[in-house]
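Undergrad:
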Amino acid sequence: MAFYKKFQSRLNDLWYPKAITTGNITTDKVADRLALLSTVTRGDTYAVLKNLGGVMADYMAMGRTVKIEGIGTFYYTASTNKNGVATANEVNSGQINGTRVRFLPEVKRSSGKQVTTRSMVDVDVDWKDIAKFAGVETDSGNTGGNNGGTSGSGTGDGGDENENPLG
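Quick note on numbering: the sequence shown equals residues 1 to 167 in full-length UniProt numbering.
1. In the DSSP assignment, what are the bridge partners of residue 2?
2. Around the C-beta of residue 19, are 16 or more other C-beta atoms found within 10 angstroms, so that it is buried, or is it exposed?
3. Under the rule that 16 or more other beta-carbon atoms within 10 Å means buried, what is residue 25, buried or exposed?
4. Identify every run of the alpha helix (DSSP H) within the UniProt domain "HU" (12 to 108), keeping only runs that are complete inside it and at least 4 residues long; order them along the chain.
5. Give a yes or no on contact between the stretch 67 to 84 and the stretch 96 to 107, applying the rule of three or more CB pairs nearer than 8 Å.
6. What do you reckon, are the CB atoms on residue 66 and residue 59 nearer than 7 Å?
7. What is the rounded straight-line gap between the Cα of residue 144 and the Cα of residue 121?
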């Protein structure tokens, strides 16, 4: 389940849903989950994950892209100091003042060039309004709650009220 909050645009005063996060997942948790899905131990999985960033950085520093199957492609881009020069001969590395990592999620295309799969995007994402989950704190420090509305009095199974909506 993914969450959104109501967001009003300053440009046109219209309201939109805005995706929000509700916390971080640590390398430990990812290692635990990967170990459950494979025959690799948690410790081995953790060690590989801890070294992945450095290995990727080494390859990207060599001018290579890094493609991780099922995830996507990572590569470096250069930020410049906005001081252009008049001729190609004057261009030099001193004009670069930063390096950024770019990421392109993996996509699979059919023979007709239509996107059939986007890695890391579940087509059945169940979006929920964070305001309906009282006490759920987001990374931005906002806590979902009633936001001035009144609660309904309908009937039906609302599920276990002590259930953590985040899993």
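Think of the CB as a built atom: it goes at the ideal place given N, C-alpha and C, for glycine as much as any other residue.
TA: Considering the structure as presented:
1. Position 2 of the sequence shown, counting from 1, holds the residue named residue 2. DSSP, once it has assigned bridges, lists 127 as partnering residue 2.
2. Translated into the one-based positions of the sequence shown, residue 19 becomes position 19. That one is exposed.
3. For the purposes of this step, residue 25 is taken as the residue at position 25 of the sequence shown. Under this definition residue 25 is an exposed residue.
4. 27 to 37 and 42 to 61
5. yes
6. Start at 1 with the first residue of the sequence shown, and residue 66 comes out as number 66. Start at 1 with the first residue of the sequence shown, and residue 59 comes out as number 59. Yes, these two residues count as a Cβ contact at 7 Å.
7. Taking the first residue of the sequence shown as position 1, residue 144 is located at position 144. Taking the first residue of the sequence shown as position 1, residue 121 is located at position 121. Confidence is the limiting factor: at residue 144 the pLDDT is only 43, short of 50, which leaves the residue's position unreliable, though a coordinate-based value still follows. About 25 Å.
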